[in-house]
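Let me begin by presenting the structure, written as structure tokens, before commenting on it.
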Amino acid sequence: MKLTDILGEEQVIADLQGRGKRAVMEELCRPLVQAHPDLDPASLMEVLVEREKLGSTGIGDGIAIPHGKMKGLSDLLLTFGRSVAGVDFDSLDGKPAHLFFLVVAPDDSAGTHLKALARISRLLKSNAVRQELMEASSAQDIFEVIQSQDEEF
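Here the sequence shown is numbered in the numbering used here, starting from 11 and rising by one per residue.
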């Protein structure tokens, strides 16, 4: 599974405006709700907020991967967002998060969910990739960075 099999350029936000954890998650949900009108935004946020209560998905190195499982979904959903300013996401290293992947999986799909999280982690492990994502000038450029790196794995 490649990330770009489930992430399109229209699900990339080059300049997140939210300044808090909830605001960023709401902003990351918007492209999913636009692409899937039957998706209930309140239920989606509830899934993400409940997962955050278990522990922050801010993993450090400027990365956060808010995620959860949702009943009624048939496919894995993914968005990417970048905050140049950074957002306090209660990250493990105490530093602001800049790069966000939001992952929502069907309730009954443990394998797919974990594969996506592992793939995202591998992609963002590289300092060079994180730097390229931060320096990209548009959503299209960000998508192209992800796409080119997706081919590597």
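The C-beta atom is built at its ideal place from N, Cα and C for all residues, glycine as well.
Inset, instruction - Mind reading off the beta-carbon distance from G68 to D100? Whole number of angstroms is fine, and I expect it under 8 Å. - result: If you number the sequence shown from 1, residue 68 lands on position 58. If you number the sequence shown from 1, residue 100 lands on position 90. About 5 Å; that satisfies the 8 Å criterion.
Legend entry - Span separating the alpha-carbon of G82 from that of D48: On the sequence shown, position 72 is the one that residue 82 refers to. On the sequence shown, position 38 is the one that residue 48 refers to. Rounded to the nearest angstrom, the two C-alpha atoms are 10 Å apart.
Inset, instruction - Give the C-beta separation of E19 and F153 to the nearest angstrom, bearing in mind that I take them to be a contact with Cβ-Cβ under 8 Å. - result: Position 9 of the sequence shown, counting from 1, holds the residue named residue 19. Position 143 of the sequence shown, counting from 1, holds the residue named residue 153. That belief holds up - the Cβ atoms of E19 and F153 are roughly 4 Å apart, short of 8 Å.
Inset, instruction - Compare the beta carbon distance of T89 and L42 with 9 Å and say whether it is the shorter of the two. - result: Working through the sequence shown from its first residue, we reach residue 89 at position 79. Working through the sequence shown from its first residue, we reach residue 42 at position 32. The answer is yes: Cβ separation under 9 Å.
Inset, instruction - Give the straight-line distance between the Cα atoms of L87 and L54, rounded to the nearest whole angstrom. - result: Working through the sequence shown from its first residue, we reach residue 87 at position 77. Working through the sequence shown from its first residue, we reach residue 54 at position 44. The straight-line gap from Cα to Cα measures roughly 11 Å.
Inset, instruction - Taking 9 Å as the cut-off, decide whether the C-beta atoms of V94 and H108 are in contact. - result: Residue mapping note: residue 94 aligns to position 84 of the sequence shown, counting from 1. Residue mapping note: residue 108 aligns to position 98 of the sequence shown, counting from 1. Result yes, Cβ atoms of V94 and H108 sit closer than 9 Å.
Legend entry - For A128 and M80, the rounded distance between their alpha carbons: To locate residue 80, count along the sequence shown from 1; it is residue 70. To locate residue 128, count along the sequence shown from 1; it is residue 118. Rounded to the nearest angstrom, the two C-alpha atoms are 19 Å apart.
Legend entry - Identity of the residues DSSP links to P116 by a beta bridge: Stepping through the sequence shown from its first residue, residue 116 is reached at position 106. In DSSP, P116 forms a bridge with M80.
Inset, instruction - Please name the residue, chosen from D160, G96, K105 and G121, that lies closest to R29 on a Cα-to-Cα basis. - result: Taking the sequence shown and counting its residues from 1, the one referred to as residue 29 is at position 19. Of the listed residues, the one whose Cα sits closest to R29 is G96.
Legend entry - Cβ-based neighbour list, V7, same chain, cut-off 7 Å, excluding 5 preceding and 5 following: The first residue shown for the chain is 11 and the last is 163, placing residue 7 beyond what the model contains.
Legend entry - Spatial distance of R92 from N137 (CA atoms): If you number the sequence shown from 1, residue 92 lands on position 82. If you number the sequence shown from 1, residue 137 lands on position 127. Their Cα atoms are separated by approximately 15 Å.
Legend entry - Burial state of G104, where buried means 16 or more other Cβ atoms lie within 10 Å: The residue given as residue 104 occupies position 94 in the sequence shown. Result: exposed.
Legend entry - Cβ pair V139, L58 closer than 9 Å: Reading the sequence shown from its first residue, position 129 is the one you call residue 139. Reading the sequence shown from its first residue, position 48 is the one you call residue 58. Contact: no.
Legend entry - Per-residue burial, A74 [other beta carbons within 10 Å of its own, 16 or more giving buried]: In the sequence shown, the residue the question calls residue 74 occupies position 64. Under this definition A74 is a buried residue.
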